[in-house]
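Residue 713 in our numbering sits at position 192 of the sequence shown, and the numbers go up by one each step.
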Amino acid sequence: MERHGDKWSRAWRYARTFLGNYRDERTASLREDIAQEAVVHAWRWRRCPADGGRLREAMRTIARRHRLRSLATDQGPSGVTLVSFEADGVDEPEARAANAAEQQLRIAGRRVPIGWARVRLRGVMAGFSTLDRRLLLGFHEGFCCAELAQRFGRSPACVKSRLHRARRRLRNELEGLVRVATSFEVPETTEENE
Numbered sequence: 522m523e524r525h526g527d528k529w530s531r532a533w534r535y536a537r538t539f540l541g542n543y544r545d546e547r548t549a550s551l552r553e554d555i556a557q558e559a560v561v562h563a564w565r566w567r568r569c570p571a572d573g574g575r576l577r578e579a580m581r582t583i584a585r586r587h588r589l590r591s592l593a594t595d596q597g598p599s600g601v602t603l604v605s606f607e608a609d610g611v612d613e614p615e616a617r618a619a620n621a622a623e624q625q626l627r628i629a630g631r632r633v634p635i636g637w638a639r640v641r642l643r644g645v646m647a648g649f650s651t652l653d654r655r656l657l658l659g660f661h662e663g664f665c666c667a668e669l670a671q672r673f674g675r676s677p678a679c680v681k682s683r684l685h686r687a688r689r690r691l692r693n694e695l696e697g698l699v700r701v702a703t704s705f706e707v708p709e710t711t712e713e714n715e
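Given below as structure tokens:
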């Protein structure tokens, strides 16, 4: 029988090894901290019945989520600012619109204001099936295909293929909208302001 401490040191090694796959400076500098946060997160769920053989996969998923959260807190070493399509903690619509207008994304080789992209993203996503929308959002939150398959009662292969097709469709439609756009004016009224 495995001792309790051995399980958590093994979990820490799994998380640390997985994080070693990322070559960016930010992840390398925070590798130990992210691995420890991942183990603490997993420890909180220690009383839940779980398959002991799934510890490696669970730690990979948890470490990936903690890495994304730590990268989202500031600018990465490449000069690329990670942006959120959420409200960014700003309550006033005017301030939120000004903040979104300042941030830009690169889509199809063109610089696009994030406010413009946000509105188009909602429109494109509205054309997706409910399952595809939920799979995309779940994957963006950091859930792996196996977790999404279990949640939605599908096979992992089904989830992988649906995600692949939905991501390709989303990219193609957004890039198509950017290519035909003559200007990137952010609309005055959006769904948030209505």
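C-beta: ideal position from N, C-alpha, C; glycine also. Since the model is a prediction, treat every value here as computed from it, not as a measurement.
Where residue i sits in the DSSP three-state scheme
i, result
"Arg-627", "strand"
"Asp-545", "coil"
"Gly-674", "coil"
"Ala-702", "coil"
"Cys-679", "helix"
One or two residues paired with residue i in a DSSP bridge
i, result
"Arg-632", "Arg-627"
Residue span of the alpha helix (DSSP H) that contains residue i, given as start and end
i, result
"Thr-651", "651 to 661"
Cβ-based burial, residue i [other Cβ within 10 Å; buried from 16]
i, result
"Val-633", "buried"
"Val-601", "Confidence is the limiting factor: at Val-601 the pLDDT is only 43, short of 50, which leaves the residue's position unreliable and the question unanswerable from this model."
"Val-561", "exposed"
"His-587", "buried"
"Val-680", "buried"
"Leu-669", "buried"
"Arg-513", "A query on residue 513 cannot be resolved here, the shown segment of the chain reaching from 522 to 715 and no further."
"Leu-658", "exposed"
Nearest residue (CA-CA) to residue i, options the options
i, options, result
"Met-580", "Leu-592, Ala-549, Leu-540 and Leu-551", "Leu-540"
"Ile-583", "Phe-664, Leu-657, Pro-677 and Arg-675", "Phe-664"
"Leu-589", "Trp-564, Ala-687 and Ala-556", "Ala-556"
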